[in-house]
Each structure stands twice: as structure tokens, then as C-alpha cells.
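See structure below.
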Amino acid sequence: MLSNVAILLFDAENTHINAFSEPMYKELCEYLAEKKLNISTIVFNGTNYKYINDQISRNDYILVWIDPIDRKRDMGKLDDILRFHNAKGVKISGHPDSISKIGTKRILYDMRNTSWSNDVCMYESRSDFELNFDKSFQINPIRVVKQYRGNDGKGIYKIVKENSFYKILEAAKTSDEKIVSFNDLVKILFNGQDAIIIN
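To convert, take the position in the sequence shown, counting from 1, and add 98; that gives the numbering used here.
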């Protein structure tokens, strides 16, 4: 009996993508097909959880090709679906529990007492950040805040407090400086989710 392998992709608008016709995945699909595996494509659009659940259940292996740090979508429900089917025996590449342990900024906090580090704080929840963030300005008037996951300057902000407002500049957008209230700062950093923040 042939094994069924699905390539799990993300596209908010086009759910009819075929990995065989996509340059990034074409050679991989052809290689797997040569190994006598049945290859299919599953496309997550950010909301089609029922479809995703049904399609994953029909496969033996899922190759997940979805950026875990794109904060434009909530990965929580998809991660739960992947965990559920993994527990049922479906093999998941890019398992959410493995992804959560790599590529994070926690190393900055863990190494805070070394000679090359500086003052570093970690807020393990939104409420922790709201309660303690302002205290860090007593140490340094300029703060660099990093979301727990990020790359290419995304989720990294230079923040300067000016009276009761905050001047904020994202590393990925050097010309887009904003002056915001504390509530708006929290919304920008947490994007409606609870998260870990490194300061």
C-alpha cells in the first residue's frame, strides 16, 4: 500500500495551489513521486479548519511549509489540529512543539548575566508586560523590544518613552516611526494574542 504525503501550504486567497506546479516545491514533489508516494497539496487559508482537519486525516505524512512567525494569521488552531493527528499516528514535519523551541529570542534572556550581554527582561504574558515594561526605562531610556519569534527585523522595535507616549520604530520599517499610547503599543506588540516579549 502506498503512503499518502501532503504538502501543507498557506495562501489566503488561492486554495487551489498544486505543489507540483510551484517552483519551490516541484522538485521535491517529483522526487517523492519517484519513490512511489502519493503526493497531494493542502492549502490553509487562515480559516478553513474543517477542510484542513479532513484532509490531514487522509494522509500518512504532512510536510508543513507555513511560516510560523507570520503574525497576520493565528497558528494556534492549526497547531492543535496538527498535534491531534500526530497523536493519531500521522507523521508531521515541522511539528508545532518542535518549532516552538527553535528560532526564538529567549537566548538573549538566558544569557543576560554574561559579560557581553546587557540588561534584558522577559515578559511571559501580556499582563506581565503591562505591569513591568515601564520600569525598564529607569535603566535605559531607549529600549529594544523583540517579539519571541521573528526574522528580517520583523517584530523588533526601538522604543523611546516621551512623557505618557511612546516613540516606536520597527527595524523592518526604518522610515515608519510612530508615536503611540501605551494601549496602542500593547496592541502592536501582541497583535490580539498573548505572547512572550524580550526587552
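Ideal Cβ positions, reconstructed from N, Cα and C, are used throughout, including at glycine. Note that the coordinates shown come from a computational prediction; the quantities given were computed from them, not determined experimentally.
- The Cβ atoms of I179 and I154 sit closer than 8 Å to each other.
- In the DSSP annotation of this structure, I294 is not part of any alpha helix (DSSP H), being labelled neither H nor E.
- According to the DSSP assignment, Q153 belongs to the alpha helix (DSSP H) that extends over 147-155.
- Here the C-alpha atom of Y159 lies approximately 52 Å from the C-alpha atom of E260.
- For E128, the enclosing alpha helix (DSSP H) begins and ends at 121-132.
- Within the segment 244-286, no alpha helix (DSSP H) run of at least 4 residues lies entirely inside it.
- In this structure, L106 and F142 form a Cβ contact; the two beta carbons are roughly 6 Å apart against a cut-off of 8 Å.
- Judged by DSSP secondary structure, N102 falls within the beta strand (DSSP E) whose first and last residues are 102-108.
- The three-state secondary structure of K203, taken from DSSP, is coil.
- By the Cβ neighbour-count rule, P194 is buried, with 16 or more other Cβ atoms within 10 Å of its own.
- For the beta strand (DSSP E) assignment, the segment 204-233 encloses no uninterrupted run of at least 3 residues.
- By a beta-carbon distance limit of 8 Å, N102 contacts N136. Their separation comes to about 5 Å.
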